[in-house]
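There are 4 protein chains.
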Amino acid sequence: MRFSPNSKTALEAKVQLVLGSRILANEGVLDGFGHISIRNPENPKTFLQSRSISADIVTVDDIIELDFEGNIVSAPEGARAYWENVLHARIFVARPDVNSVFHGHPAEIIPFSCAPQMKLLPVKNSGGVFYNGYGFYSSPEGSDMTVCTTEEADNVARALGDKWAVLMRNHGVTAAAGNVAEMCIDMIAMVQNAAVYLECLKAGITPVYCTEEEGKAYRASHHKESPLTRSWEYYVRRAKRVMDDIADL
Amino acid sequence: MRFSPNSKTALEAKVQLVLGSRILANEGVLDGFGHISIRNPENPKTFLQSRSISADIVTVDDIIELDFEGNIVSAPEGARAYWENVLHARIFVARPDVNSVFHGHPAEIIPFSCAPQMKLLPVKNSGGVFYNGYGFYSSPEGSDMTVCTTEEADNVARALGDKWAVLMRNHGVTAAAGNVAEMCIDMIAMVQNAAVYLECLKAGITPVYCTEEEGKAYRASHHKESPLTRSWEYYVRRAKRVMDDIADL
Amino acid sequence: MRFSPNSKTALEAKVQLVLGSRILANEGVLDGFGHISIRNPENPKTFLQSRSISADIVTVDDIIELDFEGNIVSAPEGARAYWENVLHARIFVARPDVNSVFHGHPAEIIPFSCAPQMKLLPVKNSGGVFYNGYGFYSSPEGSDMTVCTTEEADNVARALGDKWAVLMRNHGVTAAAGNVAEMCIDMIAMVQNAAVYLECLKAGITPVYCTEEEGKAYRASHHKESPLTRSWEYYVRRAKRVMDDIADL
Amino acid sequence: MRFSPNSKTALEAKVQLVLGSRILANEGVLDGFGHISIRNPENPKTFLQSRSISADIVTVDDIIELDFEGNIVSAPEGARAYWENVLHARIFVARPDVNSVFHGHPAEIIPFSCAPQMKLLPVKNSGGVFYNGYGFYSSPEGSDMTVCTTEEADNVARALGDKWAVLMRNHGVTAAAGNVAEMCIDMIAMVQNAAVYLECLKAGITPVYCTEEEGKAYRASHHKESPLTRSWEYYVRRAKRVMDDIADL
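Protein chains in written order, with our numbering: chain A, 1 to 249; chain B, 1 to 249; chain C, 1 to 249; chain D, 1 to 249.
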């Protein structure tokens with residue numbers, strides 16, 4: 001199946017979910033608990049996501065269909081949805097421009113999720129894809145911080161607003177993108193930018209930041225089909241080198 | 001053998017010890033000298049632990065049976081126990097609620113083991129499983145810091161108290177858990193939390209911490225059988241990818 | 001084909017480009033978007049470079065020939081050049097002593113590319129190969145920072161001057177060398193030196209620096225054929241361990 | 001061949017050199033240029049070392065015999081010695097208690113080699129094996145810092161004195177040990193201790209240090225045959241997992 005960032009069929013969307021899950025697991029962006037999702041190109045009222053397993057082993061057969069309240073519409077027998085599937089559902093509701101959602105806990109992002117007063121600013125031009133900054137969401141005090149109700153998920157969506165990602169206190173990050181490929185590339189860029197910015201902070205280096213205009217320009221040029229495909233294929237290749245079972249995807 | 005966090009037979013317990021040893025070696029939590037143990041589900045007066053070899057090669061046939069003074073009860077011919085097996089023995093005596101003990105020297109933990117004045121606080125919600133903090137134990141001055149006598153091991157157990165882990169000066173950490181799976185997941189979480197907290201300290205970021213209530217909530221929800229099994233299987237899979245000889249476990 | 005740092009034929013030059021690309025990808029110096037080039041030993045008016053693909057998969061068949069305005073002279077059907085090929089072209093024009101050019105975005109270098117006031121000084125003797133310092137180039141404000149016009153590329157070449165590398169604001173680094181082997185070894189040394197220097201800055205260690213004379217001495221002794229060949233073969237070997245498809249090169 | 005830390009024959013010594021080289025390459029302690037050596041158990045006037053190749057590929061057939069002026073006594077045809085072989089030769093002369101010498105450039109050590117005012121103190125008990133501190137040697141100003149003359153090598157030996165390692169300005173470290181196994185284990189411990197100490201410095205943590213007495217105790221207990229063999233076999237196993245060609249050693 002030739003890669004197109006915009007999947008036209010549910011099967012294409014499922015393959016993208018599988019490859020996106022594997023990419024983000026392989027690059028260390030997703031751990032055993034994070035997950036991604038995509039709108040169902042064949043039904044505007046549902047979205048697709050793996051059943052509740054770790055991203056590094058998701059296959060096409062694990063993908064289930066959910067509605068925007070987080071209810072399972074169709075699934076293999078016995079399949080359960082992720083605890084936090086409503087996080088995806090409610091962002092799809094709030095953001096018609098978004099086709100793919102990410103939720104995870106990359107180590108490089110957590111320091112910023114612990115410190116609302118810190119701005120995770122772009123020091124690497126690729127980090128400029130988040131040109132309008134990050135939302136910040138704090139779970140109700142005393143909870144385990146998983147987002148399992150539609151009310152809470154709506155609050156996360158509100159904290160996201162018109163941005164591309166929202167940091168979650170002591171927990172992680174939820175992000176939104178135009179398609180699965182953008183979402184993967186953007187998240188890898190966010191993690192890399194956070195790592196470099198932490199280096200600057202640690203080394204006492206006062207950096208020059210990319211401007212919002214520069215970030216927008218980078219986002220525009222690198223979300224075009226040609227560089228996006230090259231990035232996607234690069235990361236798919238890296239994942240396939242260590243994951244034999246997706247050789248044919 | 002289907003995984004259950006609570007082993008009913010000695011064989012199940014041995015398999016858990018093998019997989020737990022491999023997980024912690026593979027994730028870099030155990031080096032060539034650390035070790036784990038489990039109560040013998042078939043004899044309340046003994047516990048099980050590998051003979052004195054590195055965690056990355058422990059097999060079912062290496063497991064020996066010890067009493068709570070650290071004496072070998074049954075073992076393959078010629079097998080020797082770890083120098084510090086009493087550390088495990090005396091914690092089992094002091095803590096009837098504990099079924100699995102860990103002792104190791106993860107690099108991320110040592111900075112805190114060198115600095116009793118530092119609090120290793122939870123910045124990542126998973127780090128909140130150690131919600132009531134850490135004990136601190138300092139070996140008698142001038143020793144090589146290995147804990148080889150029951151008297152010293154009793155002192156470590158006292159320093160542990162009702163907590164889930166005790167830092168050991170310039171040496172490492174000893175931890176306790178309800179079963180082997182919890183012990184592995186908790187130790188990986190401790191190391192990850194320490195790494196993120198070090199990042200905050202290094203970057204001059206003043207973090208918000210998880211509260212004790214939030215830590216308790218996380219511990220309660222993530223020690224349930226379903227998420228625990230998912231984590232366990234995730235880490236077993238990662239270990240099996242690089243350790244051919246445990247493919248059938 | 002026995003390795004000689006100075007390729008005499010276009011085929012030799014292509015093999016060096018392939019191995020150099022693989023080395024730098026394998027050592028983490030090149031990511032999915034960076035690239036290297038070499039003068040065409042068979043035509044003084046052209047240079048050789050891969051078509052627009054990631055460095056980790058470049059093969060002899062991907063190499064195209066370009067003139068010093070960045071126009072394709074010969075190429076496989078349908079092959080496109082890198083966006084920033086003019087960066088290479090204009091440095092070849094400005095620097096007759098240079099036979100190989102590098103452009104990339106190593107994470108260890110970015111903190112210094114964000115901070116013109118910081119000097120990336122040599123704390124490791126191998127870092128002394130950049131004994132006369134680094135140029136600094138800042139893209140026009142508001143751009144996405146890719147260098148796609150000959151005018152801009154000429155400005156980068158001017159910022160490079162008689163040095164061996166030029167840092168690019170919030171973007172990366174472009175470097176020049178006498179041949180592909182020197183270029184690879186020098187870039188790995190630059191990244192390693194930056195990493196150690198960052199460690200000093202982070203740890204509050206005030207280091208002694210290598211003097212310019214010491215750097216020149218190191219450059220002279222380690223660019224000789226014997227140590228250069230040993231380094232080259234060391235890095236080729238490391239790349240071949242993970243990249244089966246270049247076993248025969 | 002069953003492992004004994006004290007080799008009785010030249011062949012045993014050669015096998016230890018091969019395995020020691022592979023261990024240190026595999027653990028990232030030796031790069032493409034570092035090297036180790038051992039006294040010739042069959043001739044008190046010579047020592048053994050690889051010909052001038054990188055540590056990751058040394059085989060028994062590469063080992064050459066040198067005298068204490070650094071002259072080749074016996075070698076395969078065409079074999080050249082390392083530039084810095086006199087460094088080994090002159091330490092064997094100065095230190096009759098030493099049977100194995102190391103010279104390399106681990107990244108974790110360089111920050112301390114750049115800062116004579118910093119003390120690389122033991123924060124990890126295993127780092128206490130260097131209980132009497134480190135010597136410091138500064139190459140003559142303006143050189144490339146390689147040590148190629150007996151006069152300079154004698155100066156390094158003087159800077160080493162009765163210690164177990166000497167830091168070399170902007171360059172690396174040379175170390176001495178009772179046998180190859182001790183040398184490998186000690187160097188890995190030095191690197192790990194430096195890494196943890198750097199973490200403390202970076203995080204602003206004021207550590208408690210191991211006392212000299214504690215370091216001596218650790219050295220005494222962990223250089224005994226049983227723990228030394230366990231460590232050696234642990235690191236040999238790790239090297240063999242990635243280096244097929246030493247499976248039979």
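Even for Gly, the Cβ is constructed at its ideal location relative to N, Cα and C.
Everything numeric in this text was worked out from a predicted model, so none of it was measured.
| query | For C/His-105, does the three-state DSSP call read helix, strand or coil? | reply | coil
| query | Cβ of D/Asn-85 less than 7 Å from any chain B Cβ? | reply | no
| task | Indicate whether B/Tyr-218 and B/Val-123 have their beta-carbon atoms separated by less than 7 Å. | result | no
| field | Which listed residue (D/Ile-109, D/Gly-104, D/His-223, D/His-88) has its alpha carbon closest to that of D/Asn-155 | value | D/His-88
| request: Count the C-beta pairs between the stretch 101-121 of chain B and the stretch 88-108 of chain A that are closer than 8 Å, then say yes if the count reaches three, no if not. | output: no
| Listing by chain order, which chain A residues have their CB less than 9 Å from the CB of C/Asn-170? | Pro-122, Val-123, Lys-124, Asn-125, Gly-127, Gly-128, Pro-207, Val-208, Tyr-209, Cys-210, Glu-214
| request: Please report the residue range of the alpha helix (DSSP H) in which A/Thr-283 lies. | output: Not covered by the structure: residue 283 of chain A. The range shown for chain A is 1 to 249.
| Run through DSSP, which three-state label would D/Phe-136 get? | strand
| Going by the CB atoms, is the gap between D/Ile-63 and D/Leu-19 shorter than 7 Å? | no
| query | Thinking C-beta only, is A/Asn-26 closer than 7 Å to A/Arg-158? | reply | no
| said: With a threshold of 7 Å between beta-carbons, can A/Leu-201 be considered close to chain B, or not? | reply: yes
| request: Determine the chain B residues that contact A/Asp-67 at a beta-carbon separation under 8 Å, and present them in chain order. | output: Those within 8 Å of A/Asp-67 in chain B number zero; the least Cβ separation is about 23 Å.
| Neighbour flag for C/Met-187 against chain A, beta carbons, 7 Å | no
| query | Less than 7 Å separating the beta-carbons of D/Lys-45 and B/Lys-202? | reply | no
| query | Of all the residues that make up the stretch 12-30 of chain A, which are near chain C by a beta-carbon distance shorter than 8 Å? | reply | none
| Is the stretch 184-192 of chain D touching the stretch 162-176 of chain D, taking contact as three or more C-beta pairs under 8 Å? | yes
| task | State yes or no: is the C-beta of D/Phe-130 within less than 7 Å of the C-beta of D/Ala-165? | result | yes
| For the stretch 141-149 of chain D against the stretch 227-241 of chain C, are there 3 or more C-beta pairs whose distance is under 8 Å? | no
| field | Proximity winner among A/Glu-141, A/Glu-199, A/Phe-47, A/Gln-192, relative to C/Ala-195 (alpha-carbon distances) | value | A/Glu-199
| field | chain A residues whose Cβ lies nearer than 7 Å to that of B/Ala-217 | value | Gly-142, Ser-143, Asp-144
| field | Unbroken alpha helix (DSSP H) run spanning A/Gly-215, endpoints | value | 212-222
| Taking the beta strand (DSSP E) that A/Val-166 falls in, what are its first and last residues? | 165-168
| Which two residues bound the contiguous beta strand (DSSP E) that contains C/Ser-35? | The identity of residue 35 of chain C in the sequence shown is His, whereas the question assumes Ser. Residues 35-39.
| task | Quick one: using the 10 Å Cβ neighbour count with 16 as the cut-off for buried, is C/Asn-132 buried or exposed? | result | exposed
| query | CB C/Arg-39 to CB C/Ile-246, shorter than 7 Å? | reply | no
| said: Can you tell me where the alpha helix (DSSP H) holding B/Leu-160 begins and where it ends? | reply: 150-160
| Which residues of chain A have a Cβ atom closer than 8 Å to the Cβ of C/Pro-111, listed in chain order? | Val-123, Val-196, Glu-199, Cys-200, Ala-203, Ile-205, Pro-207
| Reduced DSSP secondary structure (H/G/I, E/B, other) of A/Gln-49 | strand
| query | Mind checking if B/Gly-137 is an interface residue toward chain A, Cβ cutoff 7 Å exclusive? | reply | For the record, residue 137 of chain B in the displayed sequence is Tyr; it is not Gly. No, its Cβ sits nowhere closer than 7 Å to a Cβ of chain A.
| task | Verify whether the separation of the beta carbon atoms of A/His-171 and B/Asn-99 is less than 7 Å. | result | no
| request: Output, in sequence order along the chain, the residues in the stretch 228-241 of chain B whose CB is closer than 9 Å to any CB in chain A. | output: Arg-230, Ser-231, Glu-233, Tyr-234, Tyr-235, Arg-237, Arg-238, Arg-241
| task | Give the DSSP-derived three-state secondary structure of B/Asp-67 in the structure shown. | result | strand
| Three-state class that DSSP yields for D/Gly-32 in the structure shown | coil
| So who's on the other strand from C/Ala-177, going by DSSP bridges? | C/Ser-100
| Residue range of the unbroken beta strand (DSSP E) whose run includes B/Val-73 | 72-74
| task | Kindly indicate if chain B contains any beta-carbon less than 7 Å away from that of A/Cys-148. | result | no
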